[in-house]
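Protein chains: 2
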Amino acid sequence: MMYQIDEVAKKTGLTKRALRYYEELGLVTPSGRTEGGYRLYTEQDIQQILHLKNLRDLLGISLAEIKELMILEKKYQELKENYFQKNSISERLELLKQLEETLNIQQKQLQEKVEKMTRMIQENNQKLKRIQTKRKELERGV
Amino acid sequence: MMYQIDEVAKKTGLTKRALRYYEELGLVTPSGRTEGGYRLYTEQDIQQILHLKNLRDLLGISLAEIKELMILEKKYQELKENYFQKNSISERLELLKQLEETLNIQQKQLQEKVEKMTRMIQENNQKLKRIQTKRKELERGV
DNA sequence: TATAAAATTAACGTTTACGTAAACGTTAAT
DNA sequence: ATTAACGTTTACGTAAACGTTAATTTTATA
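Protein sequences, first through last, are from chains A and B.
Mapping of the first sequence onto the working numbering: position 20 corresponds to residue 20, and the numbering continues sequentially without gaps.
Heads up, the working numbering is the position in the second sequence plus 1000, with the first residue counted as 1.
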């Protein structure tokens, strides 16, 4: 089953404009079109869009950087699906190394952020406690 | 001891332009100026700037939203420092309630993000494992 | 006191990530 | 066959968050 743009917009929380824009940038291309030219997205397309959204929101990197990433992952998918490889072994090794490196960088970024956020959450909790204490003092004082 | 703009830029990792821009938006105002008009930042100013940077990078909210937040916190600081309060009790209670609410919203945002990021980290780890396995297969095959 | 290094403001420019409107085609249902 | 509700492309617009340049001052130092 395939979905058209409005459905996908609702499912992903992105606007139709954003979906077309991402396609324009070469980030996500719907797998099909109707006879008349309507975009048709598969379930996989939607997963890819959600992944892209995660990268955008969680890593906070630019769409240009995200594009690089998705190109890499696309290559990896192709590699996985091609049993009888056209690529040479050295090419495949090179791709794997690149993917590994990129993922490692991503992991570091994510972990750093998680740590900072965790610290911030703890600080906020302490602040909240102080505020609640103050508030109760005031309320008793009334 | 007070620092001038270039020093602060280096300490915070922001550009001088960004610091001036944030000031223009009313986000962080240096505590002093030299006779000739050079900006002078205190240690506290720097802490505030780092906090602002954290909000920007971790929550990914707009500077306009950050401004609201910092206004609230500023009011709270004033409230803490004024032993002999000018504000009425009801005003103070109102402020505390607002701060509490805002912090709670922030906490939710942060926690949601942390969860999503943690999931992503785990997915990445599994992906990394698969890639490493494949790589070793290839290397043995050579 | 001269001069280099760093600062200031003002104003225009740039990039990113879409929003919006126009003009027009498609699809499904009546 | 019409029509309402969707879609399409093209192209200009816009807000946010700074970058860059120019013209001018300050400040520290030789």
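Every residue, glycine too, gets a C-beta built ideally from N, C-alpha and C.
Start-to-end residues for the alpha helix (DSSP H) that takes in residue i
i                       : result
residue 1141 of chain B : 1089-1141
residue 181 of chain A  : In the structure as shown, chain A starts at 1 and stops at 142, and residue 181 of chain A therefore has no counterpart that could be examined.
residue 57 of chain A   : It is not in any alpha helix (DSSP H) - residue 57 of chain A carries neither H nor E in the DSSP assignment.
residue 1069 of chain B : 1063-1081
Residue i burial status per 10 Å Cβ neighbour count (16 or more: buried)
i                       : result
residue 12 of chain A   : buried
residue 21 of chain A   : exposed
residue 1048 of chain B : buried
residue 66 of chain A   : buried
residue 1 of chain A    : exposed
residue 25 of chain A   : exposed
residue 1039 of chain B : buried
residue 106 of chain A  : buried
Under the three-state DSSP convention, the category residue i falls into
i                     : result
residue 38 of chain A : coil
Straight-line Cα distance separating residue j from residue i
i                       : j                       : result
residue 131 of chain A  : residue 69 of chain A   : 44 Å
residue 3 of chain A    : residue 1117 of chain B : 28 Å
residue 1194 of chain B : residue 102 of chain A  : Residue 1194 of chain B lies beyond the range of chain B shown here (1001 to 1142); nothing can be said about it.
residue 92 of chain A   : residue 79 of chain A   : 8 Å
residue 1064 of chain B : residue 76 of chain A   : 41 Å
residue 1122 of chain B : residue 137 of chain A  : 44 Å
residue 57 of chain A   : residue 1006 of chain B : 31 Å
residue 127 of chain A  : residue 1096 of chain B : 11 Å
residue 1010 of chain B : residue 1050 of chain B : 12 Å
residue 1053 of chain B : residue 71 of chain A   : 31 Å
residue 17 of chain A   : residue 1082 of chain B : 51 Å
residue 1139 of chain B : residue 1125 of chain B : 21 Å
residue 1008 of chain B : residue 1027 of chain B : 15 Å
residue 108 of chain A  : residue 141 of chain A  : 50 Å
residue 1059 of chain B : residue 1111 of chain B : 10 Å
residue 1099 of chain B : residue 1037 of chain B : 35 Å
residue 159 of chain A  : residue 73 of chain A   : Examination of residue 159 of chain A is not possible in this model, given that chain A is present from 1 through 142 alone.
residue 43 of chain A   : residue 30 of chain A   : 10 Å
residue 135 of chain A  : residue 19 of chain A   : 47 Å
residue 1032 of chain B : residue 114 of chain A  : 35 Å
residue 1023 of chain B : residue 34 of chain A   : 52 Å
residue 1062 of chain B : residue 1045 of chain B : 20 Å
residue 1087 of chain B : residue 120 of chain A  : 29 Å
residue 14 of chain A   : residue 1014 of chain B : 31 Å
residue 1104 of chain B : residue 1041 of chain B : 30 Å
residue 94 of chain A   : residue 85 of chain A   : 14 Å
residue 129 of chain A  : residue 1129 of chain B : 42 Å
Near the ligand GTP: residue i beta-carbon under 7 Å from a heavy atom
i                     : result
residue 26 of chain A : With respect to small molecules bound, the structure shown includes none, and the ligand GTP cannot be examined in it.
Task: Residues from the stretch 103-136 of chain A in contact with chain B, defined by Cβ distance under 8 Å - done: 103, 104, 106, 107, 110, 111, 113, 114, 116, 117, 118, 120, 121, 124, 125, 127, 128, 131, 132, 134 and 135
- [ ] Could you name the residues of the stretch 1082-1099 of chain B whose beta carbon sits closer than 8 Å to any beta carbon of chain A, in the order they occur along the chain?
- [x] 1089, 1092, 1093, 1096, 1097 and 1099
- [ ] Please list the residues of the stretch 13-24 of chain A that have a C-beta atom closer than 9 Å to any C-beta atom in chain B, keeping them in chain order.
- [x] none
TODO: Determine which residues of the stretch 1052-1063 of chain B have a Cβ less than 8 Å from any Cβ of chain A, and write them out in chain order.
DONE: 1054, 1057, 1058 and 1060
TODO: Note down, in chain order, all residues in the stretch 24-52 of chain A with a beta-carbon under 7 Å from any beta-carbon belonging to chain B.
DONE: none
Open item on the list: So if I threshold CB-CB distances at 7 Å, which residues from the stretch 64-83 of chain A count as touching chain B?
Closed with: none
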